[in-house]
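Following the working numbering, the residues of the sequence shown are numbered contiguously, the last one being 333. Even for Gly, the Cβ is constructed at its ideal location relative to N, Cα and C.
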Amino acid sequence: MESNVRKKRIFSGIQPSGELTLGSYMGAIKNWVALQDEYDCVYCIVDLHAITVRQNPADLRRRAMEQLAQYIACGLDPEKSILFIQSHVPQHAELSWILGCYTQFGELSRMTQFKQKSQQHADNITAGLFTYPVLMAADILLYQADLVPVGEDQKQHVELCRDIAQRFNGVYSETFVLPEPFIPKMGARIMSLGNPMNKMSKSDPEGCVYLLDRPEDIRRKFKRAVTDSETSVRFDKEAKPGISNLLTIYCASTGKTVEEAEAEFAGQGYGAFKTAVGDAVIELMRPVREETERLLADKAYLESVYREGARRAQYLAGKTLAKVHRKVGFIAR
Ligand code: ATP
Ligand code: LTN
């Protein structure tokens, strides 16, 4: 009765398509760390996904390594969780092909991220960009994940994954666990500092804070953050998107509630508030940056982590893929 005793499984991943940001930290990684003790966690660096838009090979390689160091520096523990690089586990691409044959063209056409990215990269709308969510479904289903901790923007993809799994199970009997998105209450959607109507994203250097930014850069970015023409620090997403975003960041950094933060800055004006938010983020990120730098100097250790991670991931992924081959009607190897 293995299924009754096993801890629930978590899977999540981030593309090494840019430097990690405060958005990816607060929307995803922070949660990943908190879940490590209670769940059986598998965390991936999804480099196959990254090449759905053009990447410079040297940058991609460097960023994948940096991302692994950052995962560990943020508190992911390779002794507790499986940390690995997607292209090291061939079962992801293999299952992705099979699942693509159980996914409708219409479903993929409706994906918001595809619509956005195909506008951003209008000269290079590849089949890979279109089938991106199928590969993501393969990531999740290979590990029979129960929960997928992600930011709000990835909810639609996890729901599609669930639909594909349900369809496959319906045709061939129970094969995949149906996963659910797990979205944080505070920090699900961190907005750009330059334009609080847009999501904070890696590809917008001034609007976003990178985990490896120096304190002086962080301070400058918060000083320049777009606010509004009032003076009161009050949470109101519609009327005050900039201030509300800063409050979200402040609370997610300090653990304070919105009410506590509003009271703290009552009557103080925006200048003092922005400085305090910047300082809170600087203190939050300082140990992460220092530990990342230390780890990057120890390549042998990082290599041992991703090798061991790939070995453990392949074992789990291989079991699911064999089951899928059997169900679909392939001859056993
Ligand atoms: P890109 O700009 O290349 O699309 P990104 O910065 O939007 O990348 P990823 O790094 O691919 O996002 O996202 C990693 C994880 O962090 C995902 O789970 C995503 O939901 C979450 N995330 C990313 N940006 C934010 C944000 N601004 N607020 C909350 N969560 C976010
Ligand atoms: N699509 C996600 C990254 C991603 C992912 C996954 C997240 C790829 N595979 C599996 C959770 C589970 C993104 O763009 N942030």
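Q. Roughly how many angstroms lie between the CA atoms of K299 and A28, to the nearest whole one?
A. 25 Å
Q: Please state whether DSSP places G100 in a helix, a strand or coil.
A: helix
Q: Sort out for me which residues DSSP pairs G13 with in a bridge.
A: C44
Q. For the 8 Å Cβ check, are there 3 or more pairs between the stretch 203-215 and the stretch 133-141?
A. no
Q. Going by the beta-carbon positions, is the gap between R219 and G278 smaller than 8 Å?
A. yes
Q. Taking 7 Å as the cut-off, is the CB of D47 close to at least one heavy atom of the ligand LTN?
A. no
Q: Could you check what DSSP says for M1 in three-state terms: helix, strand or coil?
A: Caution applies to M1, whose pLDDT of 47 falls short of 50 and renders its modelled position unreliable; the model cannot decide the point.
Q) Quick check: the stretch 21-35 against the stretch 89-109, are there 3 or more CB pairs under 8 Å? A) no
Q) Using DSSP with H/G/I as helix, E/B as strand and the rest coil, what is K8? A) coil
Q. Helix, strand or coil: how does DSSP classify V33 here?
A. helix
Q) To which residues does DSSP link I140 through a beta bridge? A) Answer is none; I140 lacks a bridge partner.
**Q.** Candidates P241, T227, P184, of which the one nearest K155 by Cα
**A.** P184
Q | Residue closest to D77, alpha-carbon to alpha-carbon, out of A58, D40, A145 | A | D40
**Q.** Contacts around P179, its chain only, beta-carbon distance under 8 Å, and the 5 residues preceding and following it disregarded
**A.** F11, I140, L141, A145, D146, L147, V148, V158, C161, R162, A165
Q.
With the cut-off set at 8 Å, would you say L295 and A73 are in Cβ contact?
A. yes
Q. How is the alpha helix (DSSP H) around E308 delimited, first residue to last?
A. 299-328
Q.
Do M186 and A252 have their beta-carbon atoms positioned less than 8 Å apart in this structure?
A. yes
Q | Which of helix, strand or coil DSSP assigns to E152 | A | helix
(Q) How far does the alpha helix (DSSP H) with I72 in it extend, from its first residue to its last? (A) 57-74
**Q.** Candidates Y143, E19, N195: closest to R61 by CA position
**A.** E19
Q. For the beta strand (DSSP E) that F182 lies in, which residues bound it at each end?
A. 180-182
Q. Near V134, which residues of its chain fall below 7 Å by C-beta distance, leaving aside the five closest residues on each side in sequence?
A. S96, L99, G100, T103
Q: Report whether the distance from the Cβ of F222 to the nearest heavy atom of the ligand LTN is below 7 Å.
A: no
Q) Nearest-angstrom Cα distance between F235 and D37? A) 33 Å
Q. Starting from L83 and walking both ways along the beta strand (DSSP E), at which residues does that stretch end?
A. 82-85
Q: Assuming D47 and S87 form a contact by the criterion Cβ under 8 Å, report the distance between their Cβ atoms to the nearest whole angstrom.
A: 5 Å
Q. Distance, Cα to Cα, L193 vs K221?
A. 7 Å
(Q) Considering only heavy atoms of the ligand LTN, does any lie closer than 7 Å to the CB of D139? (A) yes
Q | Candidates Y143, A93, Q119, of which the one nearest T131 by Cα | A | A93
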